Amino acid sequence: MKIHEYQAKELLKESGVPVPKGNHAFTVDEADEVAKNLKTELIVVKAQIHAGGRGKGGGVKLAHSFEEVKQHASNILGMTLITHQTGPEGKVVRRLLVEEGVAIATELYAGIVLDRSKNQFVFMVSTEGGVEIEKVAAQSPEKIIKEWIDPGLGLTDFQARNLAYSLGLAGDQAKNASKTFLSLWNAFEKSDCSLAEINPLVVTESGNVLALDAKMNFDDNALYRQPQINEMRDLSEELESEIEASKHNLNYIKLGGNVGCMVNGAGLAMATMDIIKLSGGEPANFLDVGGVASAETVARGFQIILSDPAVKSILINIFGGIVRCDRVAQGVIDALSQMDVEVPVIIRLEGTNAKEAANLLENSDLDFIVATSFQDGAEKAVRAAIRIES
Amino acid sequence: MSILVDGNTRVVVQGITGKEGSFHTTQMIEYNTNIVAGVTPGKGGQKFLNIPIFNTVKESKERTDANTSVIFVPPPFAADAIMEAAASGLGLVVCITEGVPASDMVKVKNFLNGTNTTLVGPNCPGVITPEKGKIGIMPGFIHSPGNIGVISRSGTLTYEAVDQLTKQGLGQSTCIGIGGDPIIGSNFVDLLTLFAHDDGTDGVILIGEIGGTAEEEAAEWVVKNHFTKPIVAFIAGQTAPPGRRMGHAGAIIASGKGTAEEKMKALKKAGITVVDSPSEIGITMKDIIDERNSD
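Each protein sequence line maps, in turn, to chains A and B. Using the numbering used here, read the first sequence as starting at 18 and increasing by one per residue. Using the numbering used here, read the second sequence as starting at 44 and increasing by one per residue.
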């Protein structure tokens, strides 16, 4: 799960990471009020969306007067911000962060991620702050300094010092930085974070260490024990069809193509997308209906897939294991007889009771195309979509 | 021959009285798996399908000589259940549970260091040695005994591959679903090591997916250790968009890393046969085995 920068900064502040003074605003008036309370000359108005690269896209503006704050707030609120992380369709800005401007002396980077090959979290810092850290990692990996975190101990004091001094900091700045790193780890650990980034972490001209930006993602599997984080979920950042799917325990991700697919199991669902592409088509979505493909889940699946007007054919690919294919076939028949599906439906069922399932489908008076193999199903679905498009 | 599961496997089911646990215990027994005990704290002394239930894994091992555990407990308790099984000295622990927090698994992996326990999963279909034992939730009937090992990060896609093998007349030595989470017990390398030493395995199917670097590590290991048995690999998620979690917690292209393209490239470089299409897994292995036999 993702949260906004202002929410991340609230969490970091609670754990003792220094952040600029500021607050969020949903309206121009609120932005004005926050600005007035800051009692500072330089004010930053920042668009809050779940994507990076906001500055380049025109979502971060400096203001020198309250008039300017209002001007920027009114321009940014409601704008569709397009960055390298939003995709070409962009994201509508509904929230702002208004905070004090800071005189920056140095820009650094600090972050924590899960190192999957070492089975530990890793704390990373770099002197190359303010730029995309992926680029630094690719071009000059030696500029990223790492400390792996022992799960029994957490980030230790000496590791935090190693990180701070490796950045070339000295005196109070090094002390402040290492304290900040320990606080960041605390914030990370207690909220079941999966990724935290402060980019840039700045040293101000007056010598303070400050988190100028903040990004925190959370482990979906741990949300059951993180009520505070759960409350920070911003549904307006997610696609309606994806929210609807998650309510029914379906895993749906919208893609750009026109061949819809409904599959049981995540790996098989990805493989089905792949084979659609290999057969000359473009998958419209990822949809894992899980183990129980009942009439109800199948009907929901159809509704969600068809909410995307680009879909021109639907491939159902089920490998029946414990779930019997004849039950799935009955589910598809029940769902289709109750709803209007105007695009061709191609069905491929394999596994437990596949023959009985084929009989059920053939003897129903509904209009499906039955596929004889995985490959055959993909080809038929792609051909059907092309026919409809032309 | 086989790996992990054979005729000596004696299974304790953790969470045997739960909905999933009881259903799949019945299924495993139908496959003639030797289930010797169940564990549900507070239900010790009771029985399920004539199988004795104990309060703790330790007690179940002392009383029934169980050597393998399969875990069906809900996600908040799964990490503790794995550690309990390992602390009780069980050699193999298979965790089926989906939804275990990653930070819990980081602690589990640390705990397992220095024990002799092999963990498979979590979030996996389990391990099967056809006609010897099924420790998990896969449909037993699609499998047939033979000489091909299967290692996969997926569930139903593994069934798809196994079904293709069986239809090509290629039976399986052991099939392992290693799980779709970012932190898992056994990885490709751990299991390739076991298959390398198994006389009953002549070839290996490797099914990976986007996210992480486990496939790249497998490729590197194969080269370094001169693994000579043929491997046929498929990577799911060639069309997956970056930054989105594709169903499995571990199936995500993060910061441009973990793409199918990178993985396929690394595997090919290691001399592994990589198929583009998931429908060609079985036939490709069949061709390779036939060619080897005709030499």
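Even glycine gets a Cβ: it sits at the ideal position worked out from N, Cα and C. All figures in this text were calculated on a predicted structure; none of them were measured in a lab.
In terms of DSSP beta bridges, what is residue i paired with?
| i | result |
| --- | --- |
| Phe91 of chain B | B:Ile94 |
| Leu366 of chain A | A:Ile335 |
| Glu117 of chain A | A:Ile60 |
| Cys278 of chain A | A:Leu332 |
| Val219 of chain A | A:Glu124, A:Leu227 |
| Ala112 of chain A | Note that residue 112 of chain A is Arg in the sequence shown here, rather than Ala. In DSSP, Arg112 of chain A forms a bridge with A:Gln65. |
| Thr172 of chain B | B:Gly176 |
| Gly33 of chain B | An answer regarding residue 33 of chain B cannot be provided, because it is not within the stretch 44 to 338 covered by chain B. |
| Ser112 of chain B | B:Val55, B:Val136 |
| Ala213 of chain A | A:Ile129, A:Met233 |
| Thr97 of chain A | A:Val109 |
| Val79 of chain A | The sequence given here has Leu at residue 79 of chain A, not Val. For Leu79 of chain A, which the question treats as bridged, DSSP gives the partners A:Val61. |
| Gly61 of chain B | Partner(s): none; Gly61 of chain B has no beta bridge. |
Please decide whether residue i counts as near chain A, where near means a Cβ-Cβ distance under 8 Å.
| i | result |
| --- | --- |
| Gln211 of chain B | no |
| Thr244 of chain B | no |
| Ile296 of chain B | no |
| Ala292 of chain B | yes |
| Met181 of chain B | yes |
| Val317 of chain B | no |
| Arg335 of chain B | no |
| Ser146 of chain B | yes |
| Ile274 of chain B | no |
| Asn77 of chain B | no |
| Lys152 of chain B | yes |
| Gln281 of chain B | yes |
| Val149 of chain B | yes |
I'd like the span of the alpha helix (DSSP H) that includes residue i, first residue to last.
| i | result |
| --- | --- |
| Arg335 of chain B | 324-337 |
| Ile260 of chain A | 257-264 |
| Thr209 of chain B | 199-210 |
| Ala309 of chain B | 303-312 |
| Leu377 of chain A | 371-380 |
| Lys101 of chain B | 100-107 |
Less than 8 Å between the C-beta atoms of residue i and residue j, yes or no?
| i | j | result |
| --- | --- | --- |
| Gly164 of chain B | Val137 of chain B | yes |
| Leu180 of chain A | Val226 of chain A | no |
| Ala145 of chain B | Ser211 of chain A | yes |
| Val61 of chain A | Glu116 of chain A | yes |
| Val100 of chain B | Ala121 of chain B | no |
| Ala388 of chain A | Gly298 of chain A | no |
| Ala239 of chain A | Gly277 of chain A | no |
| Glu203 of chain B | Phe336 of chain A | yes |
| Ala261 of chain B | Phe238 of chain B | no |
| Gly189 of chain B | Gly214 of chain B | yes |
| Asn78 of chain B | Ile96 of chain B | The sequence given here has Ile at residue 78 of chain B, not Asn. Contact: no. |
| Asn281 of chain A | Val306 of chain A | yes |
Does the CB of residue i have a neighbour CB from chain B at under 8 Å?
| i | result |
| --- | --- |
| Met290 of chain A | yes |
| Met287 of chain A | yes |
| Arg400 of chain A | no |
| Ser143 of chain A | no |
| Asp251 of chain A | no |
| Gly338 of chain A | yes |
| Tyr241 of chain A | yes |
Shortest alpha-carbon distance to residue i belongs to which of the options?
| i | options | result |
| --- | --- | --- |
| Asn275 of chain A | A:Met233, A:Asp305, A:Leu323, A:Glu313 | A:Leu323 |
| Glu164 of chain A | A:Ile405, A:Ala68, A:Tyr182 | A:Tyr182 |
| Val82 of chain B | B:Gln89, B:Asn93, B:Gln57, B:His67 | B:Gln57 |
| Glu102 of chain B | B:Asn77, B:Gly132, B:Glu73, B:Leu155 | B:Gly132 |
| Leu135 of chain B | B:Val205, B:Lys104, B:Ile96, B:Ala309 | B:Lys104 |
| Val45 of chain A | A:Arg111, A:Phe235, A:Pro217, A:Lys87 | A:Lys87 |
| Val149 of chain B | B:His67, B:Gln70, B:Asp224 | B:Asp224 |
| Gly314 of chain B | B:Ala292, B:His291, B:Glu263 | B:Glu263 |
| Val54 of chain B | B:Ala297, B:Thr69, B:Leu249 | B:Thr69 |
| Asn92 of chain A | A:Gly74, A:His101, A:Leu377 | A:Gly74 |
| Pro217 of chain A | A:Val315, A:Lys78, A:Gly394, A:Ile150 | A:Ile150 |
| Val130 of chain A | A:Leu184, A:Leu79, A:Trp202 | A:Trp202 |
| Ile350 of chain A | A:Glu367, A:Ala316, A:Ile321 | A:Ala316 |
| Glu58 of chain A | A:Leu79, A:Phe43, A:Ile66 | A:Leu79 |
Between which two residues does the beta strand (DSSP E) harbouring residue i extend?
| i | result |
| --- | --- |
| Met141 of chain A | 137-143 |
| Gly220 of chain B | 215-220 |
| Ile191 of chain B | 188-195 |
| Met289 of chain B | Note, Met289 of chain B: premise wrong, no beta strand (DSSP E); not H, not E. |
| His41 of chain A | 39-42 |
| Asp305 of chain A | 302-305 |
| Gln57 of chain B | 54-57 |
| Lys19 of chain A | No beta strand (DSSP E) contains Lys19 of chain A, which DSSP labels as neither H nor E. |
| Leu162 of chain B | 161-163 |
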